[in-house]
Structure formats: structure tokens, C-alpha cells
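Okay, structure first, notes after.
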Amino acid sequence: MHELLPDGGIVRKLWVGEADAYREHLLRLDPESRHRRFSGAISDEIVARHAATISAVGVVVHGFFVDGVLRGAAELRHIGSPFATEAEAAFSIEQPWQSHGVGTELLERTLLSARNRGIKTLQMQWLPDNRRMQQLARKFAAEIKLDYGSVLGEVDPPRPTPLSFMREAMVDSHNIVTAILDAQWKWLFRPA
21 MHELLPDGGI
31 VRKLWVGEAD
41 AYREHLLRLD
51 PESRHRRFSG
61 AISDEIVARH
71 AATISAVGVV
81 VHGFFVDGVL
91 RGAAELRHIG
101 SPFATEAEAA
111 FSIEQPWQSH
121 GVGTELLERT
131 LLSARNRGIK
141 TLQMQWLPDN
151 RRMQQLARKF
161 AAEIKLDYGS
171 VLGEVDPPRP
181 TPLSFMREAM
191 VDSHNIVTAI
201 LDAQWKWLFR
211 PA
């Protein structure tokens, strides 16, 4: 949570009611980024249905926002039960903001959330030609292995501590205030 983000962007959790922003972000992905995010070609309708599930139990999405617009996201989703100790992480960053440290910041936040939810194994899956994901996984000491035509990276988050819970709560509190102020700013200075 110390990377300098491009264009004055901020990273925060997506809150209930922001599924539309997530859907719009996923639909804005260029064809190559969308293919990499979903490991294949998928329709706009499936993207919309997927985005609508972010308020489900066991799902946490962190977003990278620039001027109030979601430009990148990291999705943490329990595997199986919402209380399972295994989860997967998936990343999507719009082309202009790729390779600028956004993925690193999103994965840091995702790992903190996974840690505080008792996740013992966090999986990330990507296509073999996705060098950015490979570099990101290595940066966080992921165990990397081939898995039926894709690559699987596994990170074992440390056990939660009172300090890790406090750290997430402080970041969330700061982000709520930032989101409220941003909404008020937009409302006050909206075009007439």
C-alpha cells in the first residue's frame, strides 16, 4: 500500500451498489485484456452477469479509480463455500494503466483481505503468454506451475493478526471518507 499510482489514482474496495461500475470497467477492456482476464472470449452479456455477482458472500473487489472512474480491479472470490480457506484472485486493468504498479497495489490489498478472511491459499490463474501476471506473481513469491494449458500461481497469505485487521479497517475507513468527498465534489461541480 505504498506504490505511487499513476494519474493520481486511488485503490479502494468496491462497495455494495458498484456492480455497474465494475461491469462498465470490464466492458471497456480491450479485446486482449478481456481475453486474458477471462481466459478466453466471452460475450458482453456474460461479463454483465459476472459483474453482478460482486456483492455475493465471499467476494471482495478492490478497484483502481482515476477521477472517480474504475480503471482496474482485483477480485477475491472464495473457492467453493463462502467460508472456504482457498480463494482465487483475478485482475483486470485497462490498457493505459497497465505496467504502472496498479497490479502490485491491487494484489497487496487483495492479500490483506485474504489474510483477514482466513484464506490459506490464494490462487491466480493466467494464460502462459501473460508476462505481466507472471511478473506480478513472482513479485509476491507465488509458487508457479502449469495447469492444463494455463499457469497457476499460489500464494499463502500469512495468518491474520489484530494488526492486520486494524490495517484493513483503517484503509477502509479512509476510503469511505474519500468516496463520500469525491461524490460530493462531483455533485457540487457537475456541469449545469
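Numbering (this note's numbering), first residue to last: 21 to 212.
No residue lacks a Cβ here, since even glycine has one placed at the ideal position from N, Cα and C.
Under the three-state reduction of DSSP, which class applies to K159: helix, strand or coil?
helix
Using C-beta distances below 6 Å, list every residue in its chain close to M21, excluding the 5 sequence neighbours before and after it, in chain order.
Here M21 scores only 48 on pLDDT, less than 50, and its place in the model should not be relied on; the value that follows carries that caveat. Cβ within range, chain order: E128.
Three-state secondary structure assigned by DSSP to E108:
strand
What residues in its chain sit with their C-beta under 8 Å from that of S193, if we drop five residues either side in the sequence?
none
Is L208 closer than 8 Å to V175 when the C-beta atoms are compared?
no
Between the alpha carbons of L237 and H55, how many angstroms are there, rounded?
Given a span of 21 to 212 for the chain in the structure shown, any question on residue 237 remains unanswerable.
Of all the options G123, G169, V79 and W117, which has the alpha carbon lying nearest to the alpha carbon of A105?
For the sequence presented, residue 105 should be read as Thr rather than Ala. Taking only the C-alpha atoms, the option nearest T105 is V79.
Report the three-state DSSP secondary structure of Q154 (helix, strand or coil).
helix
By Cβ distance, which residues of its chain are closer than 7 Å to N195, with the 5 residues on each side in sequence left out?
R32 and K33
Cα-Cα separation, A203 to S184
29 Å
Alpha carbon to alpha carbon, how far is A107 from P211?
43 Å
Using a 10 Å radius around the Cβ and a threshold of 16 neighbouring Cβ atoms, would you call A61 buried or exposed?
exposed
What would DSSP say about H120, mapped onto helix, strand or coil?
coil
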